[in-house]
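Enquirer:
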Amino acid sequence: MKRAIFFAPLFLFSAALHAYQCPAPAKPGEPAAEDGLDCPWAGMARLMEENAAKGLPLSPVLADYAPGLAMQLASDKLNTGLKELWGESVNFDEMVRATIVHDSILSFLAGELDLPGPRGKIVHAGMEHAYGYLFSLLPTKFGFKRARWVRDDIEAGLGFARGALGPSPAEGTLLANITCVSGAAAFSDDAAAAAKLARASYACGSAARGWKAPGHFRLTETVSLSRKRGVSLRTDFLPFRSVTSGGNAYLLVYSVKDSSRPHAVLVTAFPVGEGFVKNALNPEYLGEGKQVQTRYNAWVEGFKGKVTGVRSAAWVAGE
148 MKRAIFFAPL FLFSAALHAY QCPAPAKPGE PAAEDGLDCP WAGMARLMEE NAAKGLPLSP
208 VLADYAPGLA MQLASDKLNT GLKELWGESV NFDEMVRATI VHDSILSFLA GELDLPGPRG
268 KIVHAGMEHA YGYLFSLLPT KFGFKRARWV RDDIEAGLGF ARGALGPSPA EGTLLANITC
328 VSGAAAFSDD AAAAAKLARA SYACGSAARG WKAPGHFRLT ETVSLSRKRG VSLRTDFLPF
388 RSVTSGGNAY LLVYSVKDSS RPHAVLVTAF PVGEGFVKNA LNPEYLGEGK QVQTRYNAWV
448 EGFKGKVTGV RSAAWVAGE
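Each residue of the sequence shown is one higher than the one before, starting from 148 at the first, in this note's numbering.
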C-alpha cells in the first residue's frame, strides 16, 4: 500500500553559517524588499547563480541549506503522473519585462525532477511555479513570487495548518500538495485528470489529499485554434474563509483544457483579492466575440496573442 510521504521541516542554518546576505536590502527604486520569510531561498538563489557563473554544480547549495527540499524533489522525480498534471509556462514576467527565475536554476531543478530542460523561456509549469518561484530574485509590485508559498494566506484562507502548503510541509511535497488542492477544483469536470490525480495523490499530505473544493465561480475562456482543436482557459476562484492579513480573499487556480491533449493541466495557483475577482467576472467582459489571451505566464502551443472567443462565468458546486 502506498503511504503518504513525511518530511521533517527544513532546517534553517544560523546566520553565522550563511555565506550570503539574507534578507538582502532592497536596491533603490525596487518595488519589493526581502524579509525573513524570503530566507533561505533568496540567499540560496544568489549562491546558485554564483555557482552557475563559475561553472560549479548547484546541488551542494541545496544539500547544505535545504536538504528537506532535496528530499521532496527526489520524491516528485518518481511521480510521473503528478508531473503530467501540469502544463507549460513562460519564464518571463510581462509586467516587469524580465526573466523570473535564472535559467541555470530551472535547468538544475529539471534535472532533479527528471523533466525536460527549458526550451528557451518555456518550462514545466509545476516545476517553475512551485520550486522555481522559491528561487526567484525578481521584485515586483506584488512582492516576490515565492510569497504565495512562504506566507500563510492560502493555508489560512482554506483552513490548512500553517506550513501545510509551503516549502517545508510536515507531510507530502510542495508540488504534490499544491497539485492535490488545485486539482480538486480544476479537475472537477475532467474524469481523466481526476483519475490521474487520484493515482498520484499518495505523495500528498493527508490534509491536501482529502481536501474538497468549496463552491466557487469559474471563468472559462474558449477559443478554436483550428477546425479540430479547441482550447479552454479556466480560472477557478476558490473563496477563503475570511480575508487574510495580506488582503487576499480567494485562491486563483489557472488551468488549460486543450482538445489535443488527453486531459486538462494546471498552470498556476496564487491568492488574490476581492477586487481582482470582481473585475475578472465583470459581465461587461463576458459573452461571444471577446478577445482571449493566455494569462499568468501560461504557454499553450499555437496560441499567439489575442484570439476571438467566448468568455463565460459559472458557479461550480462544492462537494
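Every residue gets a Cβ at the ideal spot worked out from N, C-alpha and C, and that includes glycine. Note that the coordinates shown come from a computational prediction; the quantities given were computed from them, not determined experimentally.
Which residue comes first and which comes last in the beta strand (DSSP E) that contains Y432?
Expert: Segment: none, Y432 is in no beta strand (DSSP E) and carries neither H nor E.
Enquirer: Just mark S389 as buried or exposed, buried being the case when its beta carbon has 16 or more other beta carbons within 10 Å.
Expert: Exposed, because fewer than 16 other Cβ atoms sit within 10 Å of the Cβ of S389.
Enquirer: Between the alpha carbons of L281 and S315, how many angstroms are there, rounded?
Expert: So the alpha carbons of these two residues sit roughly 12 Å apart.
Enquirer: Quick one: is R293 buried, meaning 16 or more other Cβ sit within 10 Å of its Cβ, or exposed?
Expert: With 16 or more other Cβ atoms within 10 Å, it is buried.
Enquirer: Please identify the residue among D300, A272, R346 and D405 whose C-alpha is closest to the C-alpha of A396.
Expert: The candidate whose alpha carbon is nearest that of A396 is D300.
Enquirer: Take Y278 and list the residues in its own chain whose beta-carbon comes closer than 6 Å to its own, dropping the five residues that flank it on each side.
Expert: Taken in chain order, the residues that qualify are L256.
Enquirer: Alpha helix (DSSP H) containing P175: first to last residue?
Expert: Element bounds for P175: n/a, residue is neither H nor E.
Enquirer: For the region 167 to 240, which segments carrying the alpha helix (DSSP H) assignment without a break, of at least 4 residues, lie completely within its bounds, in sequence order?
Expert: Here the runs fully enclosed are 188 to 200, 206 to 212, 214 to 224 and 227 to 231.
Enquirer: Does the region 343 to 357 come within contact of the region 221 to 231, defined as at least 3 CB pairs closer than 8 Å?
Expert: The region 343 to 357 vs the region 221 to 231: in contact.
Enquirer: Output needed for F158: all residues of its chain with C-beta closer than 8 Å, excluding positions within five of it in sequence on either side, in chain order.
Expert: The predicted position of F158 is uncertain, since its pLDDT is 42 and thus under 50; a value taken from the coordinates is nonetheless stated next. Excluding residues within five positions, the ones whose Cβ falls inside 8 Å are P214 and G215.
Enquirer: Quick check: what's the CA-CA separation for A221 versus A339?
Expert: Roughly 26 Å separates the two Cα atoms.
Enquirer: Short check: CB of H249 to CB of E197, under 7 Å?
Expert: No, the pair does not count as a contact, with Cβ atoms beyond the cut-off.
Enquirer: Mark S402 as exposed unless 16 or more other C-beta atoms lie within 10 angstroms of its C-beta, in which case mark it buried.
Expert: Result: buried.
Enquirer: How should F291 be labelled, buried or exposed, when 16 other C-beta atoms within 10 angstroms of its C-beta is the threshold for buried?
Expert: By the 10 Å Cβ count, F291 comes out buried.
Enquirer: Within the region 236 to 282, note down every full beta strand (DSSP E) run reaching 3 residues or more, in order along the chain.
Expert: You should have 269 to 271.
Enquirer: Would you say V208 faces chain D, with C-beta separation under 7 Å as the test?
Expert: The structure shown contains no chain D, having only a single protein chain.
Enquirer: Would the region 255 to 271 and the region 428 to 440 be scored as touching if the rule is three or more Cβ pairs under 8 Å?
Expert: No: fewer than three Cβ pairs fall under 8 Å.
Enquirer: Hey, F387 and G304 are a contact pair by Cβ (cut 8 Å); roughly how many whole angstroms apart?
Expert: F387 to G304, Cβ: 3 Å. Contact.
Enquirer: Starting from G456, follow its DSSP beta bridges and name the residues at the other end.
Expert: BP columns for G456 point to K437.
Enquirer: My guess is that W462 and G362 are in contact by the Cβ rule of under 8 Å, so how many angstroms apart are they, rounded?
Expert: W462 to G362, Cβ: 7 Å. Contact.
Enquirer: How long is the line joining the alpha carbons of A427 and K201, rounded to whole angstroms?
Expert: Rounded to whole angstroms, A427 to K201 spans 45 Å at the Cα level.
Enquirer: Where does M274 land, buried or exposed, given buried means 16+ other C-beta within 10 angstroms?
Expert: Under this definition M274 is a buried residue.
Enquirer: Comparing alpha-carbon positions, which option in P178, D223 and L194 lies nearest D211?
Expert: Ranking the options by Cα distance to D211, first place goes to L194.
Enquirer: Rounded to whole angstroms, how far is the Cβ of V270 from the Cβ of E235, which I believe are closer than 8 Å?
Expert: About 7 Å; that satisfies the 8 Å criterion.
Enquirer: Whole-angstrom Cβ separation of V447 and T369, contact assumed at under 8 Å?
Expert: Going by Cβ atoms, the distance from V447 to T369 rounds to 12 Å, so no, they are not a contact pair.
Enquirer: Does DSSP put R376 in a helix, a strand or coil?
Expert: DSSP places R376 in strand when its eight states are reduced to three.
Enquirer: Which runs of the alpha helix (DSSP H) fall wholly inside the region 322 to 392 and span at least 4 residues, in chain order?
Expert: Counting only runs of 4 or more, we get 338 to 347 and 353 to 356.
Enquirer: Would V439 and V454 qualify as a contact pair, given that the criterion is a beta-carbon distance under 7 Å?
Expert: Taking 7 Å as the Cβ cut-off, V439 and V454 qualify as a contacting pair.
Enquirer: Which stretch, first to last residue, makes up the beta strand (DSSP E) that contains K404?
Expert: Residues Y397 to D405.
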